[in-house]
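A short write-up of the structure that comes next.
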Amino acid sequence: MLSYLTRRILLAIPTLLIISLATFALSRYTDADPVQIDYALNPAAYRAKVVTLGLDKPQFYVSLTNSALPDTLIRIFPLEDRNRLEHLVNQNGNWEATSRYWQAITTELDPVLKQISGQVFVQLSTFRLIKDLRQIPDQINRAQRHIDTVSLPPKKKMLQTRLYSIQKSYLTLKNTPQRWKLLIPALHWHGLDNQYHKWLSGFLTGNPGKSIVTGNPLLVELRPRLLVTLLLNGTAMLLAYLIGVPLGVFMARHYQRRADRWLRTALLFLYAMPVIWLGSLLILLLSRSDIGLGWINGLNAEPWLMSGKTFGRWTLDNLEKFILPVLTLTLHALAILAMQMRGGILEVVQQDYIRTARAKGLSERLVFWRHAFRNALFPIITVFAGFFPAIFSGSLVVEYLFDFPGMGTKMGSAFANNDYAVLFAMVMFVSVVTILGNLLADLLYAWADPRVRFAKH
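Take 1159 as the starting number for the sequence shown in the working numbering and just add one per residue.
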């Protein structure tokens, strides 16, 4: 058993590494700029945030690009400018000429843009937004027409000088293509000083990074909400097993009788109904006095940290707010457990040793609970392996529905604010929980049936 668990833990390590690679890749290939500061308004603050987030470093230990792209492209900010410059290089292949053109429309043009306004400003600043080289000649002509309308000779001369510099650098870029470089791969080694290494090291050392929106460490952001979610899930899971398992045994003992048929219909209804619909139905039934029973007053619990109370005191004060979320998760989960338990018992009671136990005169209660129950646990244990991530995912929806101050509402606000650091930290957490659930299920298999010997397989 110990040997088997050791092998499973060793297998879990590359699994987590693969998940971390996929999660990191998703976090870096989103459309939103993780630096939520306007570069034009405050370039110094933007660059400081870039350094804080580690975005000035290469993304991985190695990078595979074409020969036209330099390994210093990562240092260009803001990120929109880096993407536009990369598009331009990938059309021509001449990095030096592209860099000179980019300098003409940014570094050399920016001081001029501060002195003008109106359509001339619009036309000249548009050069920075163009990703297609074929659009540049038309933009030069449009800018020239608007510059011709400028009445002051000194300003007009200044603008014509800058436009001439842009046109000259563009013609150099157009006439000196090096597209052959686009066909030659280039492998760059960046060492350990990269974004992924810093990101993964942070997770392993308990410092998974900072929120993009608030700037707070993710542990500070997620720890109080994680405690609330674990309490909610733990309570729901405990109730689901305490109710669902005996209910499944009861249904098996009354197989094809009226109680079994009615309970099976009700459980299938609960299983088929989406969690968000079930929660909405419970809100209407239990909290609305006009169309329901009105037994529960108020749904929204105040966030724990904002209350200034201890976690235990906060839980007791908001106990009524836990009822509907816990009930929603419990009803959905016990439907699965009860049906699985019923099926497992019905399969086991057909075995020869059950008939032998009955022939000895044992009561049905002893037959089901002492002899059939333990051997019917395998479907329940199999469900348990996937129960951790499933009920956690369900609780995210339920918390968002009830505006409960757990991981679900945090996920909703992170989506709304493009706080991808928070979202991908949650993905890693669910991955770890899934692996732990499978390991725990293996231990339960051995407990349920001592004949199971993992070490030889």
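From the three backbone atoms N, C-alpha and C, an ideal C-beta is built for every residue, glycine too.
Bear in mind the structure is a predicted one, so any value in this text is a computation, not a measurement.
Host alpha helix (DSSP H) of L1390 (start-end): Where L1390 is concerned, the enclosing alpha helix (DSSP H) stretches over 1376-1411.
Sub-9 Å separation of Y1558 and G1566 beta-carbons: Taking C-beta atoms as the reference points, Y1558 and G1566 count as a pair closer than 9 Å.
Pairwise C-alpha distance: T1164 and K1614: Below a pLDDT of 50, predicted positions are generally treated as unreliable, and K1614, at 49, falls in that range; the measurement from the model is reported next regardless. Straight-line Cα distance between these residues: approximately 13 Å.
Cα-Cα separation, I1401 to G1570: 31 Å
Inter-residue Cα distance where the pair is L1160 and L1520: 37 Å
Beta-bridge pairing of S1283 - partner residues as DSSP gives them: DSSP output for S1283 lists no bridge partner at all.
Same chain only: Cβ atoms within 8 Å of L1321, ignoring 5 sequence neighbours per side: L1282, I1298, A1301, Q1302, I1305
Residue nearest to D1290 in terms of C-alpha spacing, selected from N1248, A1496, W1527, A1583: Of the candidates N1248, A1496, W1527, A1583, the one whose C-alpha sits nearest the C-alpha of D1290 is N1248.
Rounded C-alpha distance that separates W1472 from E1460: 9 Å
Sub-9 Å separation of Q1353 and F1218 beta-carbons: yes
T1223, DSSP secondary structure in three states: strand
Proximal residues to G1212 (C-beta, below 7 Å), its chain only, five neighbours per side dropped: Q1353, K1356
K1315 burial status per 10 Å Cβ neighbour count (16 or more: buried): exposed
Pick from A1493, L1444, H1412 that is closest to L1425, judged by C-alpha positions: Nearest C-alpha to L1425: A1493.
Three-state secondary structure assigned by DSSP to W1616: What the structure shows of the chain is the stretch from 1159 to 1615, and residue 1616 is not part of that stretch, so it cannot be assessed.
Assumed close pair Q1498, V1541 - CB separation to whole angstroms, cut-off 8 Å: 5 Å
Inter-stretch contact at 8 Å, needing at least 3 Cβ pairs: the segment 1330-1344 / the segment 1250-1260: Contact between the segment 1330-1344 and the segment 1250-1260 is present, because at least three Cβ pairs lie under 8 Å.
Rounded separation between Y1187 and N1476 - CA only: 40 Å
Boundaries (first-last residue) of the alpha helix (DSSP H) holding W1260: 1253-1263
Segment contact flag, the segment 1404-1418 with the segment 1502-1516, C-beta cutoff 8 Å, min 3 pairs: yes
Where L1310 sits in the DSSP three-state scheme: coil
Beta-carbon proximity of L1222 to P1343, cut-off 9 Å: For L1222 and P1343, yes; Cβs fall inside 9 Å.
Contact belief for L1385 with F1480 at Cβ below 8 Å, rounded distance in angstroms: Not quite, the Cβ-Cβ distance comes to about 13 Å (not below 8 Å), so this is no contact.
L1444 beta carbon less than 9 Å from that of W1435: In this structure, W1435 keeps its C-beta atom at 9 Å or more from the C-beta atom of L1444.
Reference A1515, options G1502, I1503, A1530, closest by Cα: A1530
Presumed contact (8 Å Cβ cut-off) between T1181 and M1586, rounded CB distance: 6 Å
Within the segment 1281-1367, ranges of the beta strand (DSSP E) (whole runs, at least 3 residues): 1343-1347
Beta-carbon spacing of A1398, A1491 below 9 Å: yes
Minimum Cβ-Cβ distance from V1580 to chain C less than 9 Å: Of the protein chains in the structure, only one exists, and it is not chain C.
Reduced DSSP category for L1440 - H, G, I as helix; E, B as strand; rest coil: helix
Of the listed residues T1372, I1593, L1376, nearest to G1360 (C-alpha basis): L1376
Near the ligand GTP: E1478 beta-carbon under 8 Å from a heavy atom: With respect to the ligand GTP, the structure offers nothing, as it holds no ligand at all.
Residue range of the alpha helix (DSSP H) that includes W1420: 1416-1430
Beta carbon of D1239 nearer than 9 Å to that of H1348: no
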